[in-house]
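Report on the structure given below.
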Amino acid sequence: MNQFCILFSIIRGEEVEKNLVKNLPEQKELSALAQLKHEYDDLCEPEQFGVVMSSVKMLRPRLNGILFKLMFEEHVNNIRPGMMAVTLACEELKKSDGFNRLLELVLLVGNYMNSGSRNAQSLGFNISFLCKIRDTKSSDQKTTLLHFLAEICEENYRDVLKFTDELEHIESASKVSAQNLKSNLDSMELQIQRLEKDIDMFPKTEDAHDKFVEKMTISFFARDQYEKLSNMHNNMTKLYENLGEYFTFDPKATTIEEFFGDLSNFRTMFLNALKENNKRREMEEKSKRAKLAKEKAERERLERQQKKKQLIDMNKEGDETGVMDNLLEALQSGAAFRDRRKRTPRIQDNCRLCRKLEQGFPLCLISHLKKSLFFQKSMCVFYII
Numbered sequence: 001m002n003q004f005c006i007l008f009s010i011i012r013g014e015e016v017e018k019n020l021v022k023n024l025p026e027q028k029e030l031s032a033l034a035q036l037k038h039e040y041d042d043l044c045e046p047e048q049f050g051v052v053m054s055s056v057k058m059l060r061p062r063l064n065g066i067l068f069k070l071m072f073e074e075h076v077n078n079i080r081p082g083m084m085a086v087t088l089a090c091e092e093l094k095k096s097d098g099f100n101r102l103l104e105l106v107l108l109v110g111n112y113m114n115s116g117s118r119n120a121q122s123l124g125f126n127i128s129f130l131c132k133i134r135d136t137k138s139s140d141q142k143t144t145l146l147h148f149l150a151e152i153c154e155e156n157y158r159d160v161l162k163f164t165d166e167l168e169h170i171e172s173a174s175k176v177s178a179q180n181l182k183s184n185l186d187s188m189e190l191q192i193q194r195l196e197k198d199i200d201m202f203p204k205t206e207d208a209h210d211k212f213v214e215k216m217t218i219s220f221f222a223r224d225q226y227e228k229l230s231n232m233h234n235n236m237t238k239l240y241e242n243l244g245e246y247f248t249f250d251p252k253a254t255t256i257e258e259f260f261g262d263l264s265n266f267r268t269m270f271l272n273a274l275k276e277n278n279k280r281r282e283m284e285e286k287s288k289r290a291k292l293a294k295e296k297a298e299r300e301r302l303e304r305q306q307k308k309k310q311l312i313d314m315n316k317e318g319d320e321t322g323v324m325d326n327l328l329e330a331l332q333s334g335a336a337f338r339d340r341r342k343r344t345p346r347i348q349d350n351c352r353l354c355r356k357l358e359q360g361f362p363l364c365l366i367s368h369l370k371k372s373l374f375f376q377k378s379m380c381v382f383y384i385i
């Protein structure tokens, strides 16, 4: 045994008792060290420490009792939260109207899907089936029965959605091991019994500084704390058994971890299904808006083409009836300005033509032709616009 480690652990505060109990020499070694008390000054420091420790009566029971007292609050904090979580989860589950309505919907949909089979008109189902709802998919494989249920609840049964908030403690309850709780409680009871026995058997001492018995009996109410924890555990166990009767499952065959684990997983999957449904609706709405915008643009394009075609047809047929009205309508709607190509009027060519005419024709005829050409040129430009 490395006694120097024992001595060094003194400066480490809270870990002192743990290290002392862990590295405490056997009684034979302590007795051998006690024989060296007359040579105390000649011993090294670890051996001196061992000599001092060997002089303490009932050393091991003292250390066990002190360590238990130091660690008792930690033991309580390791046990109580788990029992509280399971107790609250049992109460919430039985009182949740939203969850009960959801079970009715699941049963209704299941009976409808099983109509005509031997499972039709079932009166109930195993609670573990909830996690398997997601495995049932539609014929196009695009959605599941869970997403369908979530959508029904959103559209028609909004009160069912409250169950996700009502079952607040099922996640923490799913992490509790009933076996570990029972083991920790039993261990605590054994330690309390051992401490009580050691105190009863502790010899009376005339040393005024020896207050071990006093401190253990007056300032340490381990038995009271244990009784409270034991009552909480019994209440938790009873509530879980009642829950098994309420939901028709065997609480001895189905552990607390398994039962609340299934419910916690279903709750998470249901919330995810709600989010995925909302995302799908947003995508469908976005796609719908894009499709409508595309159809509108296509209609407007066809309308513009139709109006242009009407203008061209009227020009070809020479039908000037209502031309100005149609032109004004085209100008106001903007149809006359779509897909416009810039064309430069052939003014220079017309001017060269006029100069050639001036050289070989009478002046009056040339003047008439100029006016005629200008009018035709203007009309051509106007129609192009």
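For the sequence shown, the UniProt record's numbering gives the first residue as 1, with consecutive numbering after it.
Here a beta-carbon is modelled for each residue, glycine too, at the ideal position from N, C-alpha and C.
Neighbourhood of residue i by C-beta distance below 6 Å, restricted to the same chain and skipping five residues each side
i, result
"GLU151", "ASN277"
"GLY360", "For GLY360, the predicted model reports a pLDDT of 49, less than 50, meaning its position is unreliable; a value from the coordinates is still stated below. Contacts found: none."
"ALA273", "LEU146, HIS147 and ALA150"
"residue 399", "One cannot answer for residue 399 here, as it falls past the ends of the chain, which runs 1 to 385."
"LEU178", "The sequence shown places Ala at residue 178, rather than the Leu named in the question. These residues qualify, in order along the chain: ILE256."
"PRO251", "TYR240, GLU241 and GLY244"
"GLU196", "none"
N-terminal and C-terminal residue of the alpha helix (DSSP H) that residue i is part of
i, result
"SER172", "170-173"
"LYS228", "222-246"
"TYR112", "97-113"
"MET188", "178-201"
"GLY50", "45-54"
"THR164", "163-166"
"GLN27", "27-34"
"PHE148", "145-156"
Sequence-distant residues of its chain with Cβ nearer than 7 Å to residue i (five each side left out)
i, result
"ASN235", "THR87"
"THR248", "GLY124"
"SER264", "ILE170, GLU171 and SER174"
"ARG60", "LEU24"
"ALA120", "ASN111 and ASN114"
"ILE312", "none"
"LEU181", "ILE79, GLY82, MET83 and HIS233"
"GLN48", "TYR40"
"THR136", "THR144 and LEU145"
"VAL213", "ILE199 and PHE202"
Supposed contact pair residue j and residue i - C-beta distance, whole angstroms, cut 8 Å
i, j, result
"LEU146", "MET269", "6 Å"
"VAL21", "LEU63", "5 Å"
"MET216", "GLY65", "6 Å"
"GLY110", "SER128", "Not quite, the Cβ-Cβ distance comes to about 14 Å (not below 8 Å), so this is no contact."
"LEU30", "MET53", "7 Å"
"LEU108", "PHE266", "Actually they are not in contact, since the Cβ atoms of LEU108 and PHE266 sit about 17 Å apart, beyond 8 Å."
Contact set for residue i: own chain, Cβ-Cβ below 8 Å, skip 5 residues either direction
i, result
"GLY261", "SER174"
"VAL51", "LEU33, ALA34, LEU36, LYS37, TYR40 and LEU43"
"LEU229", "VAL76, ILE79, ARG80, MET83, LEU185 and MET188"
"ASP159", "ASP97, GLY98 and ARG101"
Cβ pair residue i, residue j closer than 8 Å
i, j, result
"TYR240", "LYS94", "no"
"GLU155", "GLU92", "no"
"ARG223", "ILE192", "yes"
"ILE170", "ALA89", "yes"
"ARG134", "THR143", "no"
"PRO203", "LYS57", "yes"
"LEU271", "THR164", "yes"
"ALA253", "VAL176", "no"
Check: residue i C-beta below 7 Å from any heavy atom of the ligand PLP
i, result
"GLU189", "By its list of ligands, the structure shown contains no ligand whatsoever, and the ligand PLP lies outside what it can speak to."
So does the stretch 178-187 actually touch the stretch 95-103, counting three or more Cβ pairs closer than 8 Å? As far as the Cβ criterion goes, the stretch 178-187 does not touch the stretch 95-103, which means the pair count is below three.
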